[in-house]
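Trainee: In our numbering, the protein residues as written are 4 to 319.
We put the beta carbon where it would ideally sit given N, CA and C, even for glycine.
Quick one: structure below, then a few questions.
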């Protein structure tokens, strides 16, 4: 059973998971959401019955209870969203600005162990091509269960790790940035970020069409699509379990009672285990026809149940 459970857990790990050492958390961020006005114009909106009017550069943080909430933008458009138990807060983004998180080793006083690993990706930021443990999103609700930011947008990187609780085990930190702040950070050529020239790219990807993914628009690494019935497994038993999971997720996204989350998750987890066993049997028999479909299906549905905040159109 451990083997099957391991298959599942590996797929739940987000792209910025960093080995076995957990970063220090200054304060519990459950239910704490940040809002920043990065534009010249005043930012006006409502969350539930509370009105906000924010000037350029202003940052606010609000505490939201688990359950249903409503965001109303300056045009009067309403967006329903849910805050779930186990959330780590995040960013509410009425202007749909792009935000970044960057994970790196800070003030490391010893060589990192082999178990300490930071997954990297290549992204465009203001026309500069970078590689590092960078996440980016312009979603209306940016989930800190995904971004894992230890240092929020209104705080600076610590000068000395001794200022942080549990610093004796700290070797990895994740910082959230607005777009302008992240650009100011990267132009200092910080440790942990690699810079690519177009010449190097053309040399590295010299096969025809192999670098079509490259453009100079700011990269969005994080996205979550509304629930779709677009899966088709060749194995009938796998397909049966997938249909059951789809129905559970659909009911979960329809529910507005946060206390039901655990009930839906327990039911979902039961079918996930069954799917993992069936998939493992395929792999043992060198059958790979459902491999890509399985990995994608597990990743998308695991992301939904791992979310601390979800809004429309993900919610049904």
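Evaluate residue 70 with the Cβ neighbour count: other Cβ atoms within 10 Å of its Cβ, from every protein chain shown; 16 or more gives buried, anything less gives exposed.
Mentor: Stepping through the chain shown from its first residue, residue 70 is reached at position 67. Counting Cβ neighbours within 10 Å, residue 70 comes out exposed, since fewer than 16 surround it.
Trainee: Could I get the ranges of all uninterrupted beta strand (DSSP E) runs contained in the segment 53–124, with 3 residues as the minimum, in chain order?
Mentor: Taking only runs of at least 3 residues, the beta strand (DSSP E) segments lying wholly in the segment 53–124 are 53–57, 62–66, 70–75, 81–86, 93–95, 102–107.
Trainee: Return helix, strand or coil for residue 303, following the three-state DSSP convention.
Mentor: Numbered from 1 along the chain shown, position 300 holds the residue referred to as residue 303. Here residue 303 sits in helix by DSSP.
Trainee: From 126, 180, 154, 68, pick the residue whose C-alpha is nearest to that of residue 40; which is it?
Mentor: One-based indexing of the chain shown puts residue 40 at position 37. Ranking 126, 180, 154, 68 by Cα distance to residue 40 puts 180 first.
Trainee: So, do the segment 65–84 and the segment 43–51 have three or more beta carbon pairs nearer to each other than 8 Å?
Mentor: Enough Cβ pairs lie closer than 8 Å, so yes.
Trainee: Within 10 angstroms of the Cβ of residue 337, are there 16 or more other Cβ atoms? Answer buried if so, exposed if not.
Mentor: With the chain running from 4 to 319 in the structure shown, residue 337 is simply not present.
Trainee: For residue 151, does the count of other Cβ atoms within 10 angstroms reach 16, so buried, or fall short, so exposed?
Mentor: Here residue 151 corresponds to residue number 148 of the chain shown, with the count starting at 1. Classification for residue 151: buried.
Trainee: Might you give, ordered along the chain, the residues of its own chain that have their beta carbon closer than 7 Å to the beta carbon of residue 237, omitting 5 neighbours on each side?
Mentor: Residue mapping note: residue 237 aligns to position 234 of the chain shown, counting from 1. Taken in chain order, the residues that qualify are 292, 293.
Trainee: Using CA atoms only, rank isn't needed, just tell me which of 192, 128, 287, 300 is closest to residue 275.
Mentor: As a position in the chain shown, residue 275 is number 272, starting the count at 1. Of 192, 128, 287, 300, the residue nearest in Cα terms is 300.
Trainee: Check whether the Cβ atoms of residue 102 and residue 139 lie closer than 9 Å to each other.
Mentor: Position 99 of the chain shown holds residue 102. Position 136 of the chain shown holds residue 139. Against a cut-off of 9 Å, the Cβ pair of residue 139 and residue 102 comes out as a contact.
Trainee: I need the boundaries of the alpha helix (DSSP H) containing residue 147, first residue and last residue.
Mentor: Indexing the chain shown from 1 puts residue 147 at position 144. Start and end: 147–150.
Trainee: Once the 5 residues before and after residue 307 are set aside, which same chain residues still bring their CB inside 8 Å of it?
Mentor: Stepping through the chain shown from its first residue, residue 307 is reached at position 304. So the qualifying residues of the chain are 227, 230, 252, 255, 256, 313, 317.
Trainee: In whole angstroms, what separates the C-alpha of residue 309 from that of residue 148?
Mentor: Taking the chain shown and counting its residues from 1, one reaches residue 309 at position 306. Taking the chain shown and counting its residues from 1, one reaches residue 148 at position 145. Cα to Cα, residue 309 sits roughly 7 Å from residue 148.
Trainee: Any chance you could list the beta strand (DSSP E) runs of at least 3 consecutive residues sitting entirely within the segment 217–298, in chain order?
Mentor: List check, beta strand (DSSP E) in window: nothing returned.
Trainee: With residue 180 as the anchor, note down where its beta strand (DSSP E) starts and where it stops.
Mentor: As a working mapping, residue 180 is identified with position 177 in the chain shown. Segment 176–181, the beta strand (DSSP E) holding residue 180.
Trainee: Below 8 Å on the Cβ atoms is my guess for residue 94 versus residue 63; work out the distance and round it to an integer in Å.
Mentor: By 1-based counting over the chain shown, the position of residue 94 is 91. By 1-based counting over the chain shown, the position of residue 63 is 60. 11 Å between Cβ atoms; not a contact.
Trainee: Compare the Cα-Cα distances from residue 243 to each of 290, 176, 262, 278 and report the closest residue.
Mentor: Sequence index remark: in the chain shown, residue 243 carries index 240 (1-based). Residue 278 is the option with its Cα nearest to residue 243.
Trainee: Considering only the beta carbon of each residue, do residue 142 and residue 269 sit closer than 9 Å?
Mentor: The residue given as residue 142 occupies position 139 in the chain shown. The residue given as residue 269 occupies position 266 in the chain shown. No, they are not a contact pair.
Trainee: Can you tell me whether residue 177 is buried or exposed, with buried defined as 16 or more other CB within 10 angstroms of its CB?
Mentor: As a position in the chain shown, residue 177 is number 174, starting the count at 1. With 16 or more other Cβ atoms within 10 Å, it is buried.
Trainee: Under the rule that 16 or more other beta-carbon atoms within 10 Å means buried, what is residue 155, buried or exposed?
Mentor: Here residue 155 corresponds to residue number 152 of the chain shown, with the count starting at 1. Counting Cβ neighbours within 10 Å, residue 155 comes out buried, since at least 16 surround it.
Trainee: Evaluate residue 122 with the Cβ neighbour count: other Cβ atoms within 10 Å of its Cβ, from every protein chain shown; 16 or more gives buried, anything less gives exposed.
Mentor: Here residue 122 corresponds to residue number 119 of the chain shown, with the count starting at 1. The residue in question, residue 122, is exposed, as its Cβ has fewer than 16 Cβ neighbours within 10 Å.
Trainee: Starting from residue 194, follow the beta strand (DSSP E) in both directions and report where the run begins and ends.
Mentor: Taking the first residue of the chain shown as 1, we reach residue 194 at position 191. No beta strand (DSSP E) holds residue 194; DSSP gives it neither H nor E.
Trainee: So is residue 58 buried or exposed if we call it buried at 16+ other beta carbons inside 10 Å?
Mentor: Locating residue 58 in the chain shown gives position 55, where the first residue counts as 1. Answer is exposed; the Cβ neighbour count stays below 16.
Trainee: Work out the CA separation of residue 267 and residue 157 for me, nearest whole Å.
Mentor: Within the chain shown, residue 157 is the residue found at index 154, counting from 1. Within the chain shown, residue 267 is the residue found at index 264, counting from 1. Using only the alpha carbons, I get a separation of about 35 Å.
Trainee: DSSP three-state call for residue 314: helix, strand or coil?
Mentor: Stepping through the chain shown from its first residue, residue 314 is reached at position 311. Here residue 314 sits in strand by DSSP.
Trainee: Classify residue 135 as helix, strand or coil using the three-state DSSP reduction.
Mentor: For the purposes of this step, residue 135 is taken as residue 132 along the chain shown, with counting starting at 1. Here residue 135 sits in strand by DSSP.
Trainee: Can you check DSSP and say which residues form a bridge with residue 38?
Mentor: Counted from its first residue, the chain shown places residue 38 at position 35. Answer is 63.
Trainee: When you compare the CB positions of residue 96 and residue 144, do they come within less than 9 Å of one another, or not?
Mentor: Against the chain shown, residue 96 aligns to sequence position 93. Against the chain shown, residue 144 aligns to sequence position 141. Cβ distance < 9 Å, so residue 96 and residue 144 count as in contact.
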